[in-house]
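Read the structure below first, then the notes.
There are 2 protein chains.
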Amino acid sequence: MSGWVAVAGLGPGDEGMITVEVREALAQATDVVGYIHYVIRVAPREGLTLHPSNNRVELDRAMHALTMAAAGKRVVVVSSGDPGVFAMASALFEAVEGFSGVVPDIRILPGITAMLAAAAHVGAPLGHDFCAINLSDNMKPWKLVEKRLRLAAEADFAMAFYNPRSASRPHQFARALEVLLQVCGSERLITFARAVTTSEEQIVTVTLGEATPEMADMQTVVIVGNSATRRVGKWVYTPRRAG
Amino acid sequence: MSGWVAVAGLGPGDEGMITVEVREALAQATDVVGYIHYVIRVAPREGLTLHPSNNRVELDRAMHALTMAAAGKRVVVVSSGDPGVFAMASALFEAVEGFSGVVPDIRILPGITAMLAAAAHVGAPLGHDFCAINLSDNMKPWKLVEKRLRLAAEADFAMAFYNPRSASRPHQFARALEVLLQVCGSERLITFARAVTTSEEQIVTVTLGEATPEMADMQTVVIVGNSATRRVGKWVYTPRRAG
Numbered sequence: 004m005s006g007w008v009a010v011a012g013l014g015p016g017d018e019g020m021i022t023v024e025v026r027e028a029l030a031q032a033t034d035v036v037g038y039i040h041y042v043i044r045v046a047p048r049e050g051l052t053l054h055p056s057n058n059r060v061e062l063d064r065a066m067h068a069l070t071m072a073a074a075g076k077r078v079v080v081v082s083s084g085d086p087g088v089f090a091m092a093s094a095l096f097e098a099v100e101g102f103s104g105v106v107p108d109i110r111i112l113p114g115i116t117a118m119l120a121a122a123a124h125v126g127a128p129l130g131h132d133f134c135a136i137n138l139s140d141n142m143k144p145w146k147l148v149e150k151r152l153r154l155a156a157e158a159d160f161a162m163a164f165y166n167p168r169s170a171s172r173p174h175q176f177a178r179a180l181e182v183l184l185q186v187c188g189s190e191r192l193i194t195f196a197r198a199v200t201t202s203e204e205q206i207v208t209v210t211l212g213e214a215t216p217e218m219a220d221m222q223t224v225v226i227v228g229n230s231a232t233r234r235v236g237k238w239v240y241t242p243r244r245a246g
Numbered sequence: 004m005s006g007w008v009a010v011a012g013l014g015p016g017d018e019g020m021i022t023v024e025v026r027e028a029l030a031q032a033t034d035v036v037g038y039i040h041y042v043i044r045v046a047p048r049e050g051l052t053l054h055p056s057n058n059r060v061e062l063d064r065a066m067h068a069l070t071m072a073a074a075g076k077r078v079v080v081v082s083s084g085d086p087g088v089f090a091m092a093s094a095l096f097e098a099v100e101g102f103s104g105v106v107p108d109i110r111i112l113p114g115i116t117a118m119l120a121a122a123a124h125v126g127a128p129l130g131h132d133f134c135a136i137n138l139s140d141n142m143k144p145w146k147l148v149e150k151r152l153r154l155a156a157e158a159d160f161a162m163a164f165y166n167p168r169s170a171s172r173p174h175q176f177a178r179a180l181e182v183l184l185q186v187c188g189s190e191r192l193i194t195f196a197r198a199v200t201t202s203e204e205q206i207v208t209v210t211l212g213e214a215t216p217e218m219a220d221m222q223t224v225v226i227v228g229n230s231a232t233r234r235v236g237k238w239v240y241t242p243r244r245a246g
């Protein structure tokens, strides 16, 4: 049987949010590759080799997957959430560009990405036009992040932020909140959704005027509403109608 | 047993892209409410009443679901894709605002939304910052759509468009392509993904210079890359790095 690579999304954490096709790919795999925190979510079994790796070695991991698949293995590269949203799918295609062997069969298997799981648990804050921004400056200059924040706020998008705040750059998220406050005003709703769908899930919604940088860490997805986003009971939602 | 409403995403079409928790909610339901094209995807069984309705009656449908749940029924409101993305979740909360009874227990169960299924089948075009825009002007003035397109292009977001073109407003998508061509230039990649994950799936990627309005209809999700989006083999992807 010839080898393949499937880049699969495990969803945000809850096993109930995994799709049927991702389960099937894992059942057929000979090898699972990924960041250690995601690989430990895959049940060990005979005939399956787990290859956990550290964070920030995405290209090495992708190249390893391609090499094993080219040698006949059935390899699942696991991401949390959706592999196509700030995760392993882009890294895999970057590796394909540099791969010297015959490129094996590749499939991308989507999953429930963190912002959409968070949105579901808070209500429907992304029910109108929205954008997704990775606030980490590992992959782009901070000035580009700030430009995007400003333009997205001017466009009155609802916004979801991934990787909002790390210990190594705590001041940047504070700056992001400043920019948003300037353009959106102090009454705009902002939701901090941490460890969504896990036993440690914490969801807090406040106004931009009340928000502080400490409300986010790297396990938090932050959702900022548009100008029409509002509360109804314990829920937060964005109406379908605008303008 | 007390009633509840679950607003559940059936994914883009392929049964393999449904989550486990959505299947479980459907198995427990007494009633399924939704647009007829989505309700027919639910297998009939004894004890389950299907309530198919026409398009554009979202509020009536949501109110019907709340009323039945308040009377003790276990009601699943089905959306294709993800209910939180241009679908029934926002309509349900609009109905909650106008509901005079005791509001029943509500859960939103996310699904694989069309743009992320399309992205997976084309590669990873949404692998960097991106936005999602509903091009229909049913719910907002066209000038707001155009403003968002322009600002999103200036921010160098990849973009996904839902409901790009209907028979009643064919000229608007032509105008959207004009705006994009002005800001992004003729070499920018654009993907037309029709009926994604169904037996009729058709995916075509061209440049903005080659794109014509006829390439889209209401079953199409359109994805426009950012300035770094490129092809590798048969795939289209956006690198993780920018700037």
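Residue numbers (my numbering), protein chains in the order written: chain C, 4 to 246; chain B, 4 to 246.
Don't be surprised by glycine CBs; every beta carbon is placed ideally from N, CA and C.
In this text, all values refer to a predicted model and were calculated from it rather than measured experimentally.
Cα-Cα separation between Val10(B) and Val45(B), rounded to whole angstroms
14 Å
Identity of the residues DSSP links to Tyr38(C) by a beta bridge:
Ser56(C)
If you drop the 5 nearest sequence neighbours on each side, which residues of the same chain put their C-beta closer than 8 Å to that of Met221(B)?
Asn166, Pro167, Arg168 and Ser169
Are any of the Cβ atoms in chain C nearer than 9 Å to that of Thr241(B)?
yes
Can you tell me which of the three DSSP states Ala179(C) falls into?
helix
For the alpha helix (DSSP H) that contains Phe96(B), what are its first and last residues?
Met91 to Glu100
Determine the direct distance from the alpha carbon of Phe102(C) to that of Arg234(C), and round the result to whole angstroms.
50 Å
Can you pull the chain B neighbours of Asn137(C), defined as C-beta to C-beta under 7 Å?
Asp132
Would you say the region 11-26 of chain C touches the region 197-213 of chain C, given that touching needs at least three Cβ pairs under 8 Å?
yes
Option in Val25(C), Ala121(C) and Arg26(C) with minimal Cα separation from Ala163(C):
Ala121(C)
Could you spell out where the beta strand (DSSP E) holding Val235(B) opens and where it closes?
Arg233 to Val235
Show which residues of chain B have a CB atom less than 7 Å away from the CB atom of Trp7(C).
Simply none; closest approach about 14 Å.
Unbroken stretches of the alpha helix (DSSP H), 4 residues or longer, contained in the region 115-180 of chain B
117-125 and 145-157
Run through chain B and tell me which residues come within less than 9 Å of Val209(C), C-beta to C-beta.
Chain B residues near Val209(C): none, gap ~19 Å exceeds 9 Å.
So Gly37(C) contacts chain B; which residues on that side make the cut at Cβ distance below 9 Å?
Residues of chain B passing the Cβ test: none, with the nearest at roughly 16 Å.
Counting contacts by CB-CB distance shorter than 9 Å, is Pro247(C) in contact with chain B?
Absent from the model: residue 247(C). The displayed extent of chain C is 4 to 246, so no value can be given.
Cα-Cα, which of Leu154(B), Gly130(B), Arg77(B) and Gln175(B) is closest to Ala226(B)?
Looking at the sequence shown, residue 226(B) is not Ala but Ile. For the residues Leu154(B), Gly130(B), Arg77(B) and Gln175(B), the minimum Cα distance to Ile226(B) belongs to Gly130(B).
On the DSSP letters alone, give me the boundaries of the beta strand (DSSP E) that Gln205(C) sits inside.
Gln205 to Thr210
Taking the alpha carbon of Val125(B) as the reference point, which residue from Lys237(B), Phe96(B) and Leu184(B) has its own alpha carbon closest?
Lys237(B)
With a cut-off of 8 Å, do at least 3 Cβ pairs link the region 105-122 of chain B to the region 175-185 of chain B?
no
On a Cα-Cα basis, can you pick out the residue from Phe89(C), Ala127(C) and Leu69(C) that is closest to Val99(C)?
Leu69(C)
So which of Ala214(B), Ala245(B), Met142(B) and Phe195(B) has the shortest CA-CA distance to Phe160(B)?
Ala245(B)
Find the residues of chain C that neighbour Gly16(B), judging by a C-beta separation of less than 9 Å, and give them in chain order.
Correct list: empty, because the minimum Cβ distance to chain C is about 12 Å.
Does the beta-carbon of Ala32(B), which I'm using as the reference point, lie nearer than 8 Å to any heavy atom of the ligand NAP?
Judged by which ligands are present, the structure shown has none, so any question about the ligand NAP falls away.
Take the Cβ of Thr22(B) as the centre, count every other Cβ of all protein chains shown within 10 Å, and call the residue buried at 16 or more, exposed below.
buried
Would Met142(B) pass as an interface residue toward chain C - the criterion being a Cβ-Cβ separation below 9 Å?
yes
Tell me the DSSP secondary structure of Thr70(C) in three-state form.
helix
Find the residues of chain B that neighbour Met20(C), judging by a C-beta separation of less than 8 Å, and give them in chain order.
Thr22, Val23, Glu24 and Pro113
If we ignore side chains and look at the alpha-carbon of each, how far apart do Asp34(B) and Pro107(B) end up?
15 Å
So that I know if they touch, is there some Cβ in chain C lying closer than 9 Å to that of Lys150(B)?
yes
From Ala117(B) to Gly84(B), what distance separates their C-alpha atoms?
6 Å
Select from Leu211(C), Gly50(C), Leu138(C) and Glu97(C) the residue whose C-alpha is nearest the C-alpha of Arg191(C).
Leu211(C)
Going by C-alpha to C-alpha distance, which of Ile39(C), Ala94(C), His40(C) and Gly12(C) sits closest to Ala28(C)?
Gly12(C)
Cα-Cα separation, His174(B) to Asn137(B)
16 Å
When you compare only the Cα positions, how much space is there between Ser82(C) and Asn229(B)?
23 Å
Do we get a CB-CB distance below 9 Å when we pair Asp126(B) with the residues of chain C?
A quick correction: the sequence has Gly, not Asp, at residue 126(B). Yes, its Cβ sits closer than 9 Å to a Cβ of chain C.
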